[in-house]
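Report on one structure; see the data block that follows.
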């Protein structure tokens, strides 16, 4: 009896509010998901340029086997296959100790040459000029004294007084020596006042330039001992290791750029004349998570193979990254839909109707409701792609003309989901 009372009370606690709300006229909240708004287009059947499937291989847009510019021993090799590198990143470092010593000596010599040039350009120090002027004046005074002594001795000798021939000769020699000392002192003073000649300054400038070139040469040699990546890309081959001797020209590593890739295909001569540079081409890559790609004709090589009568053609595709790795990798198989020039009747849909990313491209077909022509349920239909024609693309699959396919909002749909049609989009 007690258990029955407790059960009745519990039921009233949980159900009472809901019953009260219903009693007061409030509607219970619906759990039904509203239909998703979409835009649609109709499947068409019309004439479209004929196409032929051509098989190609994905190649890097750029590839470089980076070699050593100098001889040397590898002391650092920090890269491994698969590493992503940026332009200028070090791939390997060669030993530069001896060159660094030579560079330090050359820089010191350059500093000395620059100071010598600065000294010449600044002219003689004022204190040195004053010192030379004092020496010149002293030499002039000594000359005047020696000349007066010689004249006195000459006068005494001529008068036959106490002066002897030896004394006269000594006085003459002293006067001559004093004159030469005065001339030399005056020349040094005048040279100091005038400053260095232009020729000496030019010679000093030439020595500075020569030493500067030596420093640059040694710096360039040291820089070339660091092997760097020439562009952004990935290391795909290692050709050296720490401790190995690298001769000039030896390969160190191989780098490929995959931000853009080329699909290289050998196109038959009947089709190559239908291609134009910049023309849009649909590319299917079975090995990639996203199979359908759009590329442009990047290069048509005008030299064909005489045996197969095919011409190399490159289709350029902008790649994408996924988990820091390129989605399209070098070596992937790819198929191209190339125009043949003839037209054919085909089933086409807008390119926007395609849902990519799975193992097979698909579209969502809207099965309309019998009660409402603007509502329905979607179902996925896998398709095989053919020739592209502007905004439309040829498809092969379980599609019929006038069927409605979703072109906006299809990326978030799920099979069996209800939709509400907001607009029907025309396409050419």
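In the working numbering, the protein residues as written are 7 to 434. Even glycine gets a Cβ: it sits at the ideal position worked out from N, Cα and C.
Item	Value
Among 112, 157, 349, the one whose alpha carbon lies nearest that of residue 53	349
The region 138-156 in contact with the region 180-191 per 3-pair CB rule at 8 Å	yes
Separation of residue 402 from residue 495, as counted between CA atoms	No information on residue 495 is available, as it lies outside the stretch 7 to 434 that the chain covers here.
Which of helix, strand or coil DSSP assigns to residue 290	strand
Assigned exposure category for residue 71 - 16 Cβ within 10 Å defines buried	exposed
Nonlocal neighbours in the same chain, by C-beta distance under 8 Å from residue 207, ignoring five residues either side	123, 126, 127
Residue ranges of each beta strand (DSSP E) within the region 95-171, 3 or longer	96-100
First and last residue of the uninterrupted alpha helix (DSSP H) at residue 225	204-229
For residue 246 and residue 414, the rounded distance between their alpha carbons	53 Å
Rounded C-alpha distance that separates residue 309 from residue 316	9 Å
Nearest-angstrom Cα separation, counted from residue 258 out to residue 105	21 Å
Simplified DSSP assignment, three categories, for residue 313	coil
Of the residues 140, 175, 166, the one placed nearest residue 155, counting alpha carbons only	175
Residue range of the unbroken beta strand (DSSP E) whose run includes residue 49	Counting along the chain, residue 49 falls outside any beta strand (DSSP E), and DSSP gives it neither H nor E.
Assigned secondary structure, residue 278 (DSSP; H/G/I helix, E/B strand, else coil)	helix
Through-space distance from residue 90 to residue 429, alpha-carbon basis	46 Å
Expected contact under 8 Å - CB spacing of residue 372 and residue 46 to nearest Å	6 Å
Contacting residues, own chain, Cβ-Cβ under 8 Å from residue 394 (five flanking each side not counted)	286, 287, 288, 300, 343, 357, 400
Contacts around residue 404, its chain only, beta-carbon distance under 6 Å, and the 5 residues preceding and following it disregarded	387
Start-to-end residues for the beta strand (DSSP E) that takes in residue 402	398-403
Other residues of its chain near residue 271: CB distance less than 6 Å, five sequence neighbours each side excluded	60, 62, 319, 342
Delimiting residues of the beta strand (DSSP E) encompassing residue 350	339-356
Which listed residue (325, 141, 96) has its alpha carbon closest to that of residue 241	96
Environment of residue 324 [buried if 16+ CB atoms lie within 10 Å]	exposed
Local conformation of residue 424 per DSSP, three classes	strand
Chain E contact for residue 315 (CB, 9 Å cutoff)	The structure shown has no chain E; it contains just one protein chain.
Cα-Cα separation between residue 277 and residue 346, rounded to whole angstroms	6 Å
Of the residues 290, 284, 100, 64, the one placed nearest residue 304, counting alpha carbons only	284
Reference residue 142; option with closest CA among 172, 131, 186	186
For residue 194: DSSP bridge partner residues	Answer is none; residue 194 lacks a bridge partner.
Simplified DSSP assignment, three categories, for residue 362	coil
Contact belief for residue 381 with residue 306 at Cβ below 8 Å, rounded distance in angstroms	Rounded, the Cβ-Cβ distance is 50 Å, inconsistent with contact.
Where residue 176 sits in the DSSP three-state scheme	helix
Nearest-angstrom Cα separation, counted from residue 365 out to residue 296	8 Å
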